[in-house]
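Just so you know, the numbering used here puts 13 at position 3 of the sequence shown, and the rest follows in order with no gaps.
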Amino acid sequence: MISWIKSLTVALLFFLPGIITAGVKPTALIYTVKKSLISFHSNTKSELIKASSAELKGIIDAEQRTFAFSVLMKSFDGFNSPLQKEHFNENYMESDKFATASFSGHIIEEDDFTKDGIYNIRAKGKFNIHGVEQERILQGDLLVKNGLIKLNCIFTVLLSEHDIKIPRIVHEKLASEIKVVVSADFIKK
Numbered sequence: 011m012i013s014w015i016k017s018l019t020v021a022l023l024f025f026l027p028g029i030i031t032a033g034v035k036p037t038a039l040i041y042t043v044k045k046s047l048i049s050f051h052s053n054t055k056s057e058l059i060k061a062s063s064a065e066l067k068g069i070i071d072a073e074q075r076t077f078a079f080s081v082l083m084k085s086f087d088g089f090n091s092p093l094q095k096e097h098f099n100e101n102y103m104e105s106d107k108f109a110t111a112s113f114s115g116h117i118i119e120e121d122d123f124t125k126d127g128i129y130n131i132r133a134k135g136k137f138n139i140h141g142v143e144q145e146r147i148l149q150g151d152l153l154v155k156n157g158l159i160k161l162n163c164i165f166t167v168l169l170s171e172h173d174i175k176i177p178r179i180v181h182e183k184l185a186s187e188i189k190v191v192v193s194a195d196f197i198k199k
């Protein structure tokens, strides 16, 4: 009985990768994040709060014009103090409960990303922060050069649209609209 299980296990390990990839298109137009920086800042008369993360994960399927991105909320650093980071994760973003922010969907324009150039694009999809999902259209630039893609995108997030509560005591120190800047370099998978 045990040798039969071993034989089946060996057969599955040998043949399963071929079975799984049979019928799947080559990944020549799939790009993944190699290097990234996502930052946000809140600017009020009382205080400027900035933080960034180099841990954005993402993929672009240039043929299907689809994408998916996510970042761990706890990966953001650069706050004015350790206490500020703690408040960000525990009180505002509730990072243990809502660990990631994500955006997935499709690129509206039908540009050919296999050709070098700068493409101003609009990306439409599901944007999720703090467990609240919204449909958004974000605008950005893709620089395609020598088979590599560089993404730059700037957008804003309204805290009220994502049920992020700001205590009255710090209301003057935290903007209700947060500016987000994304920069990512992609390589072919």
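By construction, the Cβ of each residue, glycine as well, lies at the ideal position given by its N, Cα and C atoms.
Nothing here was measured: the structure is a model prediction, and the numbers come from that model.
Please classify residue i as buried or exposed, where buried requires at least 16 other C-beta atoms within 10 Å of its C-beta.
i, result
"Ser46", "buried"
"Val192", "buried"
"Gly203", "The shown model of the chain, from 11 to 199, leaves out residue 203, and the question about it has no answer."
"Ser56", "exposed"
"Ile179", "exposed"
"Leu152", "buried"
"Leu184", "buried"
"Ile118", "exposed"
Suppose you measure from the CA of residue i to the CA of residue j; what does that come to, to the nearest Å?
i, j, result
"Asn90", "Asp122", "43 Å"
"Leu169", "Phe113", "16 Å"
"Leu161", "Ala111", "18 Å"
"Thr166", "Ala61", "15 Å"
"Lys84", "Ser63", "9 Å"
"Glu171", "Val142", "8 Å"
"Asp195", "Glu100", "31 Å"
"Phe79", "Glu182", "31 Å"
"Asp6", "Asp87", "Shown here, the chain extends from 11 to 199; a query on residue 6 therefore has no answer."
"His116", "Ile164", "17 Å"
"Leu93", "Gln144", "30 Å"
"Glu73", "Lys67", "19 Å"
"Glu120", "Phe77", "14 Å"
"Val190", "Phe98", "15 Å"
"Tyr129", "Lys175", "37 Å"
"Lys108", "Lys155", "The residue asked about is misnamed: residue 108 is Phe in this sequence, not Lys. Roughly 36 Å between the two C-alpha positions."
"Arg75", "Leu39", "10 Å"
Under 6 Å Cβ to Cβ from residue i, same chain only, skipping five residues before and after it: list those, please.
i, result
"Thr42", "Ile69, Lys199"
"Tyr102", "Ile174"
State yes or no: is the C-beta of residue i within less than 8 Å of the C-beta of residue j?
i, j, result
"Ser52", "Ile59", "yes"
"Leu158", "Ile197", "yes"
"Lys134", "Ile147", "yes"
"Glu65", "Leu82", "yes"
"Glu104", "His140", "yes"
Could you pull the DSSP bridge partners for residue i from this structure?
i, result
"Asp106", "Bridge partners of Asp106: none, in fact."
"Ile59", "Ser52"
"Ala185", "Bridge partners of Ala185: none, in fact."
"Asn130", "Asp151"
"Ser193", "Leu47, Asn162"
Keeping to the same chain, check which residues put their C-beta closer than 8 Å to that of residue i; ignore five residues upstream and five downstream.
i, result
"Thr54", "Glu182, Lys183, Leu184, Ala185"
Given residue i, which residues of its chain have a CB within under 7 Å of its CB, disregarding the five upstream and five downstream residues?
i, result
"Ile15", "Note that Ile15 scores 43 on pLDDT, short of 50, meaning its location in the model is unreliable and no value can be drawn from it."
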